[in-house]
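Undergrad: Quick one: structure below, then a few questions.
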Amino acid sequence: MDSIFSTTGLYVEWDVRSFLLFCVVFILTADYIKNRRPASFPPGPWAFPIVGNMFSVDHNKAHESMTQFAGKYGDVYSLRMGQEWLVVLNGFEIIKEALVKQGDFFADRPPFPLQQVISKGQGVGFTNGHIWKQQRRYMLSTLRYFGLGKKSLEPIIQDEFTHFSKEFQSYKGKPFNPQLIIGNAVSNIICSLVFGHRFEYNDEKFKQLVSWFETALQLEVSIWAQLYNSFPLLMRRLPGPHQTVLDIWEKLKDFTREELEQHKQNWDPSDQRDYIDCYLNEIEMSKGQDGNTFDEENLIMCALELFVAGSETTTTTLRWALLYMAKYPEVQAKVQAEIDKAIGQSRHPSMDDRTNLPYTDAVLHEIQRISNIVPLSLPHMTNKDVKLGGYTIPKGSTIIPNLTSVLYDENEWETPNTFNPGHFLNKEGKFVKPAAFMPFSAGKRQCPGENLARMELFLFFTSFLQHFTFSMPAGVKPVMDYIFGLALAPLPYEICATPRWEKL
889 MDSIFSTTGL YVEWDVRSFL LFCVVFILTA DYIKNRRPAS FPPGPWAFPI VGNMFSVDHN
949 KAHESMTQFA GKYGDVYSLR MGQEWLVVLN GFEIIKEALV KQGDFFADRP PFPLQQVISK
1009 GQGVGFTNGH IWKQQRRYML STLRYFGLGK KSLEPIIQDE FTHFSKEFQS YKGKPFNPQL
1069 IIGNAVSNII CSLVFGHRFE YNDEKFKQLV SWFETALQLE VSIWAQLYNS FPLLMRRLPG
1129 PHQTVLDIWE KLKDFTREEL EQHKQNWDPS DQRDYIDCYL NEIEMSKGQD GNTFDEENLI
1189 MCALELFVAG SETTTTTLRW ALLYMAKYPE VQAKVQAEID KAIGQSRHPS MDDRTNLPYT
1249 DAVLHEIQRI SNIVPLSLPH MTNKDVKLGG YTIPKGSTII PNLTSVLYDE NEWETPNTFN
1309 PGHFLNKEGK FVKPAAFMPF SAGKRQCPGE NLARMELFLF FTSFLQHFTF SMPAGVKPVM
1369 DYIFGLALAP LPYEICATPR WEKL
């Protein structure tokens, strides 16, 4: 009898093993059939079953990993992230071909599950089709109405620097971390356009919001975000940093919603003070119209996108700027000499001064190039089958424009890995901007806030060096390493800002 049970138990044990083995083989086979590279698709590294190349990329240095892959697989290659294929574009010529010459076919955004939860199909950044066109067109026209890229915005920036400089002065040349001060100052510019007012530097709630930006932008390109986008049904039920991203965005929405409620309490359609006022008027005017996409939830998302996009990248660039000036004091001195000659100390810098400050302009552009603020741009998606680089990229493919490969392209820059303002100067010492300079991306999805960012960067940077000399604390050398995210930020650092004049 015992032998019968023993034989039966052995049979059941082997039956379970066989079943599990069958399941594994079936899953691997199904995964291979479903996810094998399509014909004429760009080549790339071998992908693991289920997770693909998710762990082939160093997510703390994803832009470097993707640039290295280009050396082996070419300027157009593919990676598999979970169940989705990505096509990575590298080099100035290929990215220009895709985003500019064939821009109509690369203009969409992929429906990443994490972004879908955040935006709920609203706003401008990750929408497509009619809603994207309508909201983007309205956003650009309204911002131009309030002075985006125009001289009328200069006094706001100049006034903010006055507040800014007092904060720097308060440290009396002693070391301090400039991150929150710069973040507050830059955020106040877009706040004046969107919310109609600025925030004081000691506003604890606002300081908390500014500090969240960098955290959210880092986590959104982390391995946790990749896992969420690949396995959303599972990840939305599990704890982890991906839940922190969602929590931060909800808090940012709550902040924006509070601003909206305050506007509604004293809203006057005849007195449109800012973007929110104008949008509220548009909601009323558009009611009942076919194809109308204007409502309060869309307003919250658009205002929040402007708030974040108009703050983080410019803040990060200026943080790099101070670090590079401390690292290269001879460059800093030359910039200051040019500013002293062209502007002096009697007035604020103006955008009209740009033509008389070619070296300063070149230094600022070189800081943008080498700091590589948005290394992988934002993802695109093809809206039809496209031929590119000898390959066929199917409709609906996710496209990653590797801007790092453009800003460091050896065919476009004399010394791509070295800080060299000469990249932006001709033989006569006049400023020139090479076509490969595209830190704001290119084509139909080019950053809508580029003109504002360029104005802020120039006016803040020249004002910094007009009034202060920047150096590292005694015995400390600049560390030029970074924290990877949607924006490539420097490691936290302390710096000394020494006033150049007794009275500022």
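For any residue, its number in the working numbering is found by taking its place in the sequence shown, counting from 1, and adding 888.
All residues carry an ideal CB built from backbone N, CA and C; glycine is no exception.
Quantities reported herein were computed from a predicted structural model and do not represent experimental measurements.
Expressed to the nearest angstrom, what Euclidean distance is found between the alpha-carbon atoms of Ile983 and Ile1288?
TA: Cα to Cα, Ile983 sits roughly 10 Å from Ile1288.
Undergrad: Pop quiz: Arg1257 and Phe1349 are said to be a contact at Cβ under 8 Å. What is the actual Cβ separation, rounded to whole angstroms?
TA: 14 Å between Cβ atoms; not a contact.
Undergrad: Which of helix, strand or coil does DSSP assign to His947?
TA: The answer is coil: DSSP assigns His947 none of H, G, I, E or B.
Undergrad: Determine the DSSP secondary structure at Phe1356, reduced to helix, strand or coil.
TA: Note: Phe1356 maps to strand in three-state DSSP.
Undergrad: Looking only at its own chain, which residues have a Cβ that is under 6 Å from the Cβ of Asp946, when we skip the five neighbours before and after it?
TA: Ser953.
Undergrad: Quick one: using the 10 Å Cβ neighbour count with 16 as the cut-off for buried, is Gly940 buried or exposed?
TA: Buried is the call here.
Undergrad: When the Cβ atoms of the stretch 1230-1250 are set against those of the stretch 1258-1272, are three or more pairs found closer than 8 Å?
TA: Segments in contact, no.
Undergrad: Going by DSSP, what residue range makes up the beta strand (DSSP E) through Ala1385?
TA: Start and end: Cys1384 to Pro1387.
Undergrad: Rounded to a whole number of angstroms, what is the C-alpha to C-alpha distance between Asp1240 and Met1343?
TA: In a straight line, the C-alpha of Asp1240 is about 11 Å away from that of Met1343.
Undergrad: I'd like to confirm the pairing. Which residues does DSSP put opposite Thr1280 in its beta bridges?
TA: In DSSP, Thr1280 forms a bridge with Lys1275.
Undergrad: How should Phe1372 be labelled, buried or exposed, when 16 other C-beta atoms within 10 angstroms of its C-beta is the threshold for buried?
TA: Burial call: buried.
Undergrad: Over what stretch of residues does the alpha helix (DSSP H) that includes Tyr1163 continue unbroken?
TA: Per DSSP, Tyr1163 belongs to the alpha helix (DSSP H) from Tyr1163 to Ser1174.
Undergrad: I need the DSSP call for Ala995, collapsed to helix, strand or coil.
TA: Ala995 falls in the coil class under three-state DSSP.
Undergrad: Would you report the Cα separation of Ser1053 and Leu1345, rounded to the nearest angstrom?
TA: Cα to Cα, Ser1053 sits roughly 15 Å from Leu1345.
Undergrad: Consult DSSP for Ala1197 and reduce its assignment to one of helix, strand or coil.
TA: Three-state DSSP puts Ala1197 in a helix.
Undergrad: Would you list the residues sitting across from Pro1378 in a DSSP beta bridge?
TA: Answer is Tyr1370.
Undergrad: I'd like to confirm the pairing. Which residues does DSSP put opposite Ile1287 in its beta bridges?
TA: Ile1287 is bridged to Val975 and His1268.
Undergrad: Given this structure, state the Cα-to-Cα distance separating Trp973 from Gly979, to the nearest angstrom.
TA: For Trp973 and Gly979, the distance between alpha carbons rounds to 20 Å.
Undergrad: Would you report the Cα separation of Lys1175 and Tyr1026, rounded to the nearest angstrom?
TA: Distance between the alpha carbons of Lys1175 and Tyr1026 is about 16 Å.
Undergrad: If you measure between the beta carbons of Leu1105 and Ala1341, is that distance less than 8 Å?
TA: Not in contact: Leu1105 and Ala1341 (Cβ atoms no closer than 8 Å).
Undergrad: May I ask whether a heavy atom of the ligand HEM can be found less than 7 Å away from the beta carbon of Thr1204?
TA: Only the bare structure without any ligand can be found here, which leaves the ligand HEM out of the picture.
Undergrad: Could you have a look at Tyr1216 and say whether DSSP puts it in helix, strand or coil?
TA: Reduced to three states, the DSSP call for Tyr1216 is coil.
Undergrad: How about Thr1280 and Ser928: do their beta carbons lie closer than 8 Å?
TA: Yes, the Cβ-Cβ distance between Thr1280 and Ser928 is below 8 Å.
Undergrad: Apart from the five residues just before and just after Tyr1116, which ones in its own chain have a Cβ nearer than 7 Å to its Cβ?
TA: Closer than 7 Å at Cβ, skipping near neighbours: Pro1001, Leu1002, Met1123 and His1130.
Undergrad: Taking a contact to mean a Cβ-Cβ separation below 8 Å, would you say Gln1224 touches Leu1353 in this structure?
TA: Yes; because the gap between Cβ atoms is below 8 Å, this pair is in contact.
Undergrad: With a threshold of 6 Å on Cβ separation, who are the neighbours of Leu1168 within its own chain once the five nearest residues in sequence on each side are excluded?
TA: Excluding positions up to five away in sequence, the list reads Trp1155.
Undergrad: If contact is defined by three or more beta carbon pairs under 8 Å, each pair taking one atom from either stretch, is the stretch 1073-1091 in contact with the stretch 1197-1205?
TA: Verdict: yes, contact present.
Undergrad: Got a sec? Which residues, its chain only, sit under 7 Å from Glu1147 by beta carbon, not counting five neighbours each side?
TA: Here the set comprises Phe1083 and Ile1164.
Undergrad: What span of residues does the alpha helix (DSSP H) with Val1074 cover, start to end?
TA: Per DSSP, Val1074 belongs to the alpha helix (DSSP H) from Gln1067 to Val1082.
Undergrad: If you run the structure through DSSP and keep just helix, strand and coil, what is Tyr965?
TA: Note: Tyr965 maps to strand in three-state DSSP.
Undergrad: Please state whether DSSP places Leu1105 in a helix, a strand or coil.
TA: Reduced to three states, the DSSP call for Leu1105 is helix.
Undergrad: Compare the Cα-Cα distances from His1355 to each of Thr1132, Pro1304, Thr1270 and Phe1049 and report the closest residue.
TA: Answer by Cα proximity: Phe1049.
Undergrad: Going by alpha carbons, who is nearest to Pro1157 out of Glu1172, Glu1055 and Thr1144?
TA: The option with the nearest alpha carbon to Pro1157 is Glu1172.
Undergrad: What residues in its chain sit with their C-beta under 7 Å from that of Ile1188, if we drop five residues either side in the sequence?
TA: Only Lys1141, Thr1144, Arg1145 and Leu1148 meet the Cβ criterion.
Undergrad: Candidates Thr1132, Asn1299 and Cys1079: which alpha carbon is nearest Ala1113's?
TA: Of the listed residues, the one whose Cα sits closest to Ala1113 is Thr1132.
Undergrad: Assign Asn925 to one of two classes, buried (16 or more other C-beta atoms within 10 Å of its C-beta) or exposed (fewer than that).
TA: Reading off the sequence shown, one finds Arg at residue 925, where the question assumed Asn. Exposed is the call here.
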